[in-house]
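Residue 340 in the working numbering sits at position 151 of the sequence shown, with consecutive numbering throughout. The next block holds one structure in the form of structure tokens; read it before the comments.
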Amino acid sequence: AVDPAAGAQEYLRLLEQEGARLTHILLTHGHYDHVGAVEELQRKTGAKVWLAPQDACGGELFPFTTPDNAYADGEEIRVDTDLAFRVIASPAKSVCLLCGGLLFSGDTLFAGDVGRTDLPGGSWDTLRESLKKLCAAVTENVQVLPGHEEFSTMDWERANNRYLQF
């Protein structure tokens with residue numbers, strides 16, 4: 190699961206329906222609206238959780254505190270023989286996760302927009318560095334699955350997102 194924010198029961202129902210087992214919970218960052226189901230899923234499935242250590246704070250904005258693993262930039266997290274996620278760590282303390290033709294961009298890149306910089310620790314300069322790094326790391330036209338709103342593609346974002354016009 191990537192950023193499981195909805196009620197854990199929905200995830201557990203889908204896992205049972207599909208006869209699947211949850212082994213990995215990958216978090217792009219620790220905001221409350223991305224981690225809502227993590228603790229219950231972790232407790233009920235034994236899945237291991239990955240999160241950047243600076244995001245495991247235990248506060249209102251960053252409530253989650255007990256990841257099993259920290260990310261390393263460029264690391265490949267292998268879920269099984271056919272499924273692996275490449276970590277693209279950003280200076281903005283988040284990560285994006287590239288898995289085949291899918292990019293889980295969390296709150297870094299949205300369809301036609303980018304993440305906020307007005308929250309604690311936010312910085313436009315740092316976000317801009319993160320976007321440059323992301324564009325350099327992801328050169329193919331993958332589908333962008335942001336943490337909020339609509340899906341997009343990297344080619345569309347490069348051509349149309351004003352924040353990627355470097």
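Glycine residues also receive a C-beta, built at the ideal position from the N, C-alpha and C atoms.
If we count the other Cβ atoms within 10 Å of its Cβ and call it buried at 16 or more, is A325 buried or exposed?
-> The residue is exposed, with fewer than 16 neighbouring Cβ atoms inside 10 Å.
Tell me where the alpha helix (DSSP H) around K282 begins and ends.
-> From DSSP, K282 is part of no alpha helix (DSSP H); its letter is neither H nor E.
Take the Cβ of Y221 as the centre, count every other Cβ of all protein chains shown within 10 Å, and call the residue buried at 16 or more, exposed below.
-> Of the residues assessed, Y221 falls on the exposed side of the cut-off, its CB having fewer than 16 other CB atoms within 10 angstroms.
What is the DSSP secondary structure of C288, counted as helix, strand or coil?
-> Reduced to three states, the DSSP call for C288 is strand.
Nearest-angstrom beta carbon gap, G289 and D296 [assumed within contact, 8 Å] | Contact flag wrong, Cβ pair sits at about 22 Å.
In the DSSP assignment, what residue or residues form a beta bridge with L239?
-> It is worth fixing the name first, because residue 239 is Trp in this sequence and not Leu. W239 is bridged to L215 and N258.
Determine the closest residue to T342 out of D307, D244, V224 and L287, with distance taken between C-alpha atoms.
-> It is L287 whose Cα lies nearest to the Cα of T342.
Contact the stretch 198-206 vs the stretch 270-281: 3+ CB pairs below 8 Å = Verdict: no, contact absent.
Output the distance between the C-alpha atoms of G248 and G219, rounded to the nearest integer angstrom.
-> A straight line joining the alpha-carbon of G248 with that of G219 spans about 10 Å.
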